[in-house]
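Comments concern the structure below.
2 protein chains.
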Amino acid sequence: MKKNLQLGVFGFGCVGQGLYHVLNETKGLKAEIRKIVVKNKSKSRPLPADLFSFDRNDILTNPEIDVVVELIDDPVAAFEILKEALANGKAVVTANKRMLADNLEEIYRLQQVYGKPVLYEGAVCASIPIIRNLEEYYDNDLISSIEGIMNGSTNYILTKVMEEKKSYAESLRQAQDLGFAESDPTLDVRGYDPSFKLAILIAHAFGVFVSPDQIIRFGIDRLSQTDLDFAVKNNLNIRLVGRALKQNGKIYALLATQFVSNTHPLFGVRNEYNAVTVTGAFAEKQTFIGKGAGSYPTGSAVLSDISALTYDYRYEYKKILQENGLTFSNDAAVEILASFKPEQFREEDFIEIKERKSSSGLITVRGTVVLNRLQSWSDLDGVSIVLAPEAALIPFEAAILQPSAS
Amino acid sequence: MKKNLQLGVFGFGCVGQGLYHVLNETKGLKAEIRKIVVKNKSKSRPLPADLFSFDRNDILTNPEIDVVVELIDDPVAAFEILKEALANGKAVVTANKRMLADNLEEIYRLQQVYGKPVLYEGAVCASIPIIRNLEEYYDNDLISSIEGIMNGSTNYILTKVMEEKKSYAESLRQAQDLGFAESDPTLDVRGYDPSFKLAILIAHAFGVFVSPDQIIRFGIDRLSQTDLDFAVKNNLNIRLVGRALKQNGKIYALLATQFVSNTHPLFGVRNEYNAVTVTGAFAEKQTFIGKGAGSYPTGSAVLSDISALTYDYRYEYKKILQENGLTFSNDAAVEILASFKPEQFREEDFIEIKERKSSSGLITVRGTVVLNRLQSWSDLDGVSIVLAPEAALIPFEAAILQPSAS
């Protein structure tokens, strides 16, 4: 039976305002905002003042509020709100990917303790209903991999830089103006934000909790002008791709920029659009494409979670409950194109070097490297790294055999 | 709470066997097949004989069976099974798109009368969870259009013919061997099958019941060698596209082949893959791509319906309940490329002719035509029709203004 839900909303930034408008124009959904708690007392807001409060208890201890919608920036404060809301018997809807990724195991446990659901479709790829669809896969052995573009802001920047030859700085500013970028842009450009989402997807796809810190990650800040020129010259695009692979009882993951050719499904995914491909046993490849950033796409995803609460939907976390013994591992390799200053380059960092060139004072290499090595390069100023076209994760056992096979 | 569901299955063809295997390897789902009712007594089957019966009452009046899974070919018999199952208090899962399209309004009504759900994700685009996702949109004004490839068999044939230069007959035979084609292939090649699916999607997207007969439809049987040559020469693909558009309180629809360029999202959707793009108010374009035919993709979609019944899921048909006053209309036009024998061609059939050529005894025309005229041509032997690249439905008021505007 459909319930008339009373919502308490924390935060009235980009997503909060998007939610307000989307909810307002969705007459069919039985839910209303009772109170919005905000921090800044001096900001003027386009809604009646009595809808706002500066006291969190106006929501958290208000017995008339069923659902706490948490849309603030600060992940630590957000987690406190989530815990208190659950303890007070309220369901929680949140789009705070960092808070979720950092605390997902605990959040899973708290839902069991308090019997109230936490939904977070808006936290991953905004309008794409990917968590809901991953929940549809029962056993973990039904999914073999997930792969996709999980950050709208950097995909927007890449599109502008590649297609319109705009500068990086201007493209970033545009993304910020359009509300796609995180308030701290390094979360986007260094790949933190999509690594949070990848960690959340790994839990729902494979039933494994992984801290985002464990995922090897480099972002579009690692791209050089040489990479952009190489892409244009070879009719390639560059995409920031998150991927996770299940093989031999282990889960491998990587968040990295990659050259993609025009036959690749991610080639045509442009601007703030995101895409996720799930490869499974029976349906094979299923791809979901939709807007991955912006107040309305994220607001509509938050709304779909609120809507789901009207019929008591909750994530089942089926693969976690199955205790499948899968563990996370970084013992994998991948083929990259990288350039180094001569003093940074060490041949022994590579399992295999396919091509090596020197020009303009840089050493450019195409070769296979283990994931941990990629991470160690992140501290080296000026090293550029992009995955080779069609490059895939190679679990370690396979990788060390490769040189002798070639 | 998760239930242990007891299933009674009608039919053990391609999809039924797919379901059996998918269910068997999905340990996490609490459902088991209690009885399979089949017609052919002499056929040998790879499962224990006591699982099979030839008496429909072994399922329909068996109080231990909760869910009737209807996977037979005959739409009339299937509808009888559905009605009796609901009347006997059983939920129904079916993949019979023809039966659904022909009786959807009645099936909607029967669910309200008997209080038991009918789920049919496997009937539309197999593995793509499109009905479930359309149900997520609340008000009808949130969706403005749906468009996509809704038949795996003809997309497979088009891919083989266009990319591998195989003959039409050989490609059709391959599609049949792989279990993609309907038992009567004219349902696929003349576009009936995707028009059934489009009718079902229109109900869930816009809350309007439309008989598949009302949808103007022409299939890949209307393609000529000239069309294929034109596509290859201009680096285009041909796709069989179903579309529906909401404008000015009316729903317009068309099922037609179309030239698509390599920037079109359907260009790269190959073989038995299907794709559906939903354009909505807040999420804007959401695209779902997945296998649209085959025993496993369809079996896994049927299984996802069974899984949904374990948590009492049912379609809400929200937009129907909203009584939005939308009506179906064919008063629209579209730009096509067509060729006629001289005695078939009538200039006055066109609102506007952009280009006209005569060669090899045929008159080839690029022009705008109203939908009803397209249908009248379907009886003319040898007329070939394909929508122009980027052609969109033009509601009639707009169409009659177009010539004077150009």
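Chains A and B supply the protein sequences, listed in that same order. If you're matching positions, the first sequence starts at 416 in my numbering and goes up one per residue. If you're matching positions, the second sequence starts at 416 in my numbering and goes up one per residue. Virtual Cβ for every residue (Gly too), placed ideally from N, Cα, C. Predicted, not measured: the structure shown is a model, and the values here were computed from it.
| Check | Outcome |
| --- | --- |
| Residue interval of the beta strand (DSSP E) (run including residue 433/A) | Run containing residue 433/A: none in the beta strand (DSSP E); it sits in the alpha helix (DSSP H), 429-439. |
| CB contact below 7 Å: residue 427/A versus chain B | no |
| Residues bridged to residue 424/A (per DSSP) | 451/A, 484/A |
| Residue 548/A versus residue 723/B - alpha carbon distance | 12 Å |
| Status (buried if at least 16 other CB within 10 Å, exposed otherwise) for residue 625/B | buried |
| Cross-chain neighbours of residue 437/B in chain A, by beta carbon under 7 Å | 697 |
| Contact set for residue 819/B: own chain, Cβ-Cβ below 6 Å, skip 5 residues either direction | At residue 819/B, the pLDDT of 42 sits below 50, so the modelled position is not reliable; the number obtained from the coordinates is stated separately. Excluding residues within five positions, none has a Cβ falling inside 6 Å. |
| Minimum Cβ-Cβ distance from residue 529/A to chain B less than 7 Å | no |
| Within-7 Å CB hit, residue 398/B to chain A | The structure shown does not extend to residue 398/B, since chain B spans only 416 to 821, so no value can be given for it. |
| Straight-line Cα distance separating residue 475/B from residue 499/B | 7 Å |
| Inter-residue spacing [alpha-carbon to alpha-carbon] between residue 416/A and residue 726/A | The predicted model places residue 416/A with a pLDDT of 48, which falls under 50 and marks its position as unreliable, so this point remains unresolved. |
| CB of residue 747/B within 7 Å of CB of residue 786/B, strictly | yes |
| DSSP bridge partner residues for residue 800/B (one or two, in chain order) | 753/B |
| Rounded straight-line distance, which links the Cα of residue 656/B to that of residue 436/A | 33 Å |
| Neighbour-count burial assignment, residue 799/A, 16 or more Cβ in a 10 Å radius | buried |
| Euclidean distance between Cα positions of residue 687/B and residue 708/B | 6 Å |
| Integer-rounded CB distance, given that residue 660/B should sit under 8 Å from residue 613/B | 12 Å between Cβ atoms; not a contact. |
| The segment 615-632 of chain B contacting the segment 661-680 of chain B, beta-carbon criterion three pairs below 8 Å | yes |
| N- and C-terminal bounds of the alpha helix (DSSP H) containing residue 498/B | 490-502 |
| Which listed residue (689/A, 663/A, 591/A, 550/A) has its alpha carbon closest to that of residue 622/A | 550/A |
| Under the three-state DSSP convention, the category residue 574/B falls into | helix |
| Any chain B beta carbon closer than 7 Å to residue 424/A | no |
| Helix, strand or coil at residue 562/B according to DSSP, with G and I counted as helix | strand |
| Simplified DSSP assignment, three categories, for residue 585/B | helix |
| Beta-carbon gap between residue 697/A and residue 571/B smaller than 7 Å | no |
| First through last residue of the alpha helix (DSSP H) which encompasses residue 518/B | 512-529 |
| Residue closest to residue 534/B, alpha-carbon to alpha-carbon, out of 471/B, 591/B, 484/B, 617/B | 484/B |
| Short CB-CB distance (under 7 Å) between residue 704/B and chain A | yes |
| Cβ-based burial, residue 720/B [other Cβ within 10 Å; buried from 16] | buried |
| Candidates 538/A, 764/A, 519/A: closest to residue 430/A by CA position | 538/A |
| Cβ distance (whole Å) where residue 486/A is taken to contact residue 510/A below 8 Å | 6 Å |
| Chain A contacts from the segment 669-686 of chain B (Cβ-Cβ distance under 8 Å) | 677, 678, 680, 683 |
| Chain A contact for residue 432/B (CB, 7 Å cutoff) | no |
| Under the three-state DSSP convention, the category residue 442/A falls into | coil |
| Selection of the segment 547-561 of chain B by Cβ proximity to chain A, strictly under 7 Å | 548, 551, 553, 554, 557 |
| Sequence-distant residues of its chain with Cβ nearer than 7 Å to residue 639/B (five each side left out) | 754, 799 |
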